[in-house]
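Notes follow the structure.
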Amino acid sequence: MIRHDALDRLPVRHAVPELLTALEERGTAVLYAPPGTGKTTLVPLALAGLIGDGPRRRVLVAEPRRMAVRAAARRMAWLLGQEVGEAVGFSVRGERRAGPATRVEVVTTGVLLQRLQRDPELAGVDVVLLDECHERHLDADTAMAFLVDVRATLRPELKLIAASATSDAEAWAQLLTVLDGTGPAPIVWGKGEGHGYRVLFAAPPAGIRPAHGTWVDPALLRHVAATVRLACERHEGDVLCFLPGTGEIARTAAMLADLDADVLQLHGRAPAAVQDTVLRGAEPGGRRRVILATSVAESSLTVPGVRIVVDSGLAREPRMDHARGLGSLATVPVSIAGATQRSGRSGREGFGMVYRCWAEADDGRRARFPSPEIEIADLASFALRTACWGDPTAAGLALLDAPPAGAMTAARAALTAAGAVDDEGRATERGLRMSRLGVHPRLARALLDGAPEVGVRRAAEVVALLSEEPPREYGDDLAAAWRAARRGGDAYGARWKAEARRLERSATEAGAGGPGGGGGARAGSRAAGTEPAGSVSPGGLGGHGARGGTGSTDPAGSSSRPGGSGGARPVAGGGARPVAGGGDDAVAGLVTALAFPERVARAREGGGFLMVSGTGAELAEASRLRSAPWLAVAVADRPVRSATARVRLAAVVDEGVARAAAGHLLRAGEEVHWEEGDVVARSVSRLGAVELAARPLRDGADPELVRSALLDGLRREGLGLLRWSRESEELRQRLGFLHRVLGEPWPEVTEESLLDRAEAWLEPELSRARRRADLGRIDAGQALQRLLPWATGEAGRLGELAPERIEVPSGSRIRVDYSGEQPVLAVKLQEMFGLAETPKVAGTPVVVHLLSPAGRPAAVTADLASFWREGYRSVRAELRGRYPKHPWPEDPAAAEPTRHTSARLRRER
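Shown next as structure tokens:
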């Protein structure tokens, strides 16, 4: 029996007629309704004709989380007085409760994407409602883009609704019709605020350190726990407390262990039974509940009995380090939209109270919306989906934010290495099979290539472990975690078994049992690619397994090869074929290496490991894996400001498995480096950044590699490696002066400029050099002559514009010093008698250092005429008595210049 009293209390009911009208007239609409008004539960029932007088339709409701899917389906079934699986059902990965009579089916956005790729027309579906668009999950954005495409090209009668409580409604209205050009979709505004709530700010004490990575200051958690206690003292009702992750939930629960309440933990990894218990509410007369939850409880959920929300103010977002091929989570301030969603949980059943654990002054400084996942996450799955959809670049898709070019390039490289796309980015037949497995392309590759080696069941079991990281208490040894999951007895074990069975079925359908297996059901791609000519056949390790693969919670960094300098050549065949039919360690290692070939790592002599991607890796002190010579790293993260990754989960492998799985990174060839002050030439084989073997090359090293190493040495150690005579230094100084005062065509000769142009002025001497000593024999001054402007004829004026010496009145030719900003002429004072105008070079007056008879500076001037008038008298008075044998005339401008003493001057006369 329909519960009309409960339906009538939902404010969104007033917006339903307008929504139905918009769909009839335009086929699309944006539904904006505040939290707690019933948009997730009442609206689908009205669209399906299960309440009211509307026509009967089949409705798909897409939610971003499995928990929300189950909760929404249960709530709608309750409103109809039915059980889930009758008129209202749901589907999540590995579980479906729906039947022939189901009119409303709630699904995750991931399930919706799988259906779209199998059947783009969504045969039998009349309306799709995408809920919680504001959260900007990548799957939801992708599903929206595909649906807009379907409406514009295949099924214009398919009705599409974007629903949210906090989103930018105008942007979604434009997006829904961007491909059909019919103008913005109608926006239907739901009224009401549920039962309303009051916000109180509970600023933490001073000195709280900002969160970074997944680290949260324990002092903030103590403050959150204290706020929960305060809320319990002041108000009635259950408490819903938002924390960023399961670790913070566990620590906060420990702080509240003595609270007179049931402290429950709600997160995506919580067992379904625990989730159901929380969402059913307390038994009549039961104890008060304090529910510690992650962001899974932000939206599409009514938690019965909750009247109070305590918000820590933190959320978790994915981050991708494309250079290292490592994904991680970042703890960030919750956005304004997220905080609004959280607050709305308090007013679903009555007036609520909200405690925000930050200062009110900080409220306006938060981002309006969460970061779109498309901008910050690994895009390998997205790139494969768009390739299978027929738009490899995603340029023709209706997306609010375009995928970053760098992330798409990394994703494309990952998929190409895995054989999922061709060189143009189009999906291959293998890529289509991978996309149908419902896991990340990395894991799909591991399943398809691992099954022929170890069997479909065992490969599926390991991939199931990799698709959802086991609990930390299972340890960091993947094989041991596998054994723990097989023993079962906990919620993770149950989920793992269900997922392993699903993957085994999917892999069998996809023909993963042997090389070149069948393709399973035909893909529903709108423009599916075909296997390109010359591509490697799908199947066993002898095919793509030897090529390598990429892309999981992180793309492969295979766009550039880590390791030595040029000249390395790929090794044909990809290396040794592993024997992986043994025990758990061998199987877990092989499948993990196939999934994450760039994370295969070898032990370093000084401790730790080096991944073939070039990233260092460290294990926990107590890990039994520390003695392994090789590892395949399944889960790792890199702490902020650390160049080394922390290994969370790994499996032991041997060199044969490493070579086979990461065969696309196997290279053998000459490596020539500048090392420890000289050229070092070796014949090297390496797997990415990991050196496998090396021997010195005494003769015959590639001249080009030697030349590159010598250039590298010059750039590292500077031009002092060359031979600089006094004449060479002076030539460089003269050229530097001319470049400063005249510019082109006179060359710049700073250290940086000369190193940048080393090849232009050091050839052919550089090509003949083989080691450091040869550089020391290169005459730098002779080489610099090549930079002179010979082509314009200006080179012949070097002596005129910047002469080495200037003839002074005494007849002496004095060397000009060009080492400073201005040229300097250091000459004895008596030799300049009679010269009124200061000498110039390139139109620039020189700075004259007038020396005493002993060669010491007596005066410095750039204006001789002024010096003779004003400065000479004081110099004459000071030095005349000290040097009586030298002339000190009263009028130096009219005196005869001389290099000699007065007596000799008289004799010569």
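Its first residue numbered 5, the sequence shown is counted upward by one per residue in my numbering. Every residue, glycine too, gets a C-beta built ideally from N, C-alpha and C.
- For the options G780, A169, A422 and L151, the alpha carbon positioned closest to that of K163 is the one of L151.
- Around the beta carbon of S646, fewer than 16 other beta carbons lie within 10 angstroms, which makes this residue exposed.
- H199 and W219 have their C-alpha atoms some 36 Å from each other.
- With at least 16 other beta carbons inside 10 angstroms of its own, V73 counts as buried.
- The residues G780, R781, I782, D783 and A784, in chain order, have a CB closer than 7 Å to that of R727 in the same chain once the five nearest residues on each side in sequence are set aside.
- Under the criterion of beta carbons closer than 8 Å, V243 and V300 do not qualify as touching, at roughly 17 Å.
- Sequence-distant partners of Y876 (beyond 5 residues in either direction) whose C-beta falls short of 6 Å from its own C-beta, in its chain, are P896.
- The residues H853 and L855, in chain order, have a CB closer than 7 Å to that of P861 in the same chain once the five nearest residues on each side in sequence are set aside.
- Shortest Cα-Cα distance from D480 to any of G40, V639 and L117 involves V639.
- In the displayed model, I295 falls within a strand according to three-state DSSP.
- Assignment of R284 by DSSP, reduced to helix, strand and coil, places it in the helix class.
- Contact between V850 and A806 is absent: CB atoms are separated by about 11 Å, not below the 8 Å threshold.
- The residues V65, E67, V73, A76, A77 and F94, in chain order, have a CB closer than 7 Å to that of V110 in the same chain once the five nearest residues on each side in sequence are set aside.
- Between R7 and L54, the C-beta gap is not smaller than 8 Å, which leaves the two residues out of contact.
- Contact holds between the segment 361-380 and the segment 336-343, because three or more Cβ pairs, one in each stretch, are under 8 Å apart.
- The distance from the Cβ of P15 to that of T41 is about 4 Å, consistent with a contact at the 8 Å cut-off.
- The C-beta of V313 has 16 or more other C-beta atoms within 10 Å across all chains shown, which makes the residue buried.
- Under DSSP, C245 forms a beta bridge with L296 and V314.
- If you compare the alpha carbons of A632, A605, A869 and L452 with that of G618, the shortest gap goes to A605.
- Between T754 and the set R880, L739 and M615, the nearest pair of CA atoms involves L739.
- According to the DSSP assignment, F205 belongs to the beta strand (DSSP E) that extends over Y201 to F205.
- Short of 8 Å from the beta carbon of G497, and not among the five residues preceding or following it, lie these beta carbons of its own chain, in chain order: A488, A489, R490 and R491.
- Nearest Cα to T796 within the set E748, L829, P768 and R774: E748.
- Taking a cut-off of 8 Å on C-beta distances, the segment 618-633 touches the segment 651-667, as three or more cross pairs fall below it.
- For F355, no alpha helix (DSSP H) run applies, since DSSP gives it neither H nor E.
- Between L701 and S687, the C-beta gap is smaller than 8 Å, which places the two residues in contact.
- For I380, the enclosing alpha helix (DSSP H) has its first and last residue at E377 to I380.
- Here G442 really is in contact with R97; their C-beta atoms are around 6 Å apart, less than 8 Å.
- Between T512 and R434, the alpha-carbon positions lie close to 14 Å from each other.
- Under the three-state reduction of DSSP, M615 is assigned to strand.
- Here Y876 carries a helix assignment [DSSP, helix/strand/coil].
- Distance from the Cα of T344 is smallest, within the candidate group R903, V812, E136 and S878, for E136.
- Secondary structure note for K163: its beta strand (DSSP E) is the uninterrupted segment K163 to S168.
- Pairing A189 with A175 gives a Cβ-Cβ distance that is not under 8 Å.
- Here the C-alpha atom of S732 lies approximately 18 Å from the C-alpha atom of E825.
- With three or more CB-CB distances shorter than 8 Å, the segment 591-610 counts as touching the segment 445-463.
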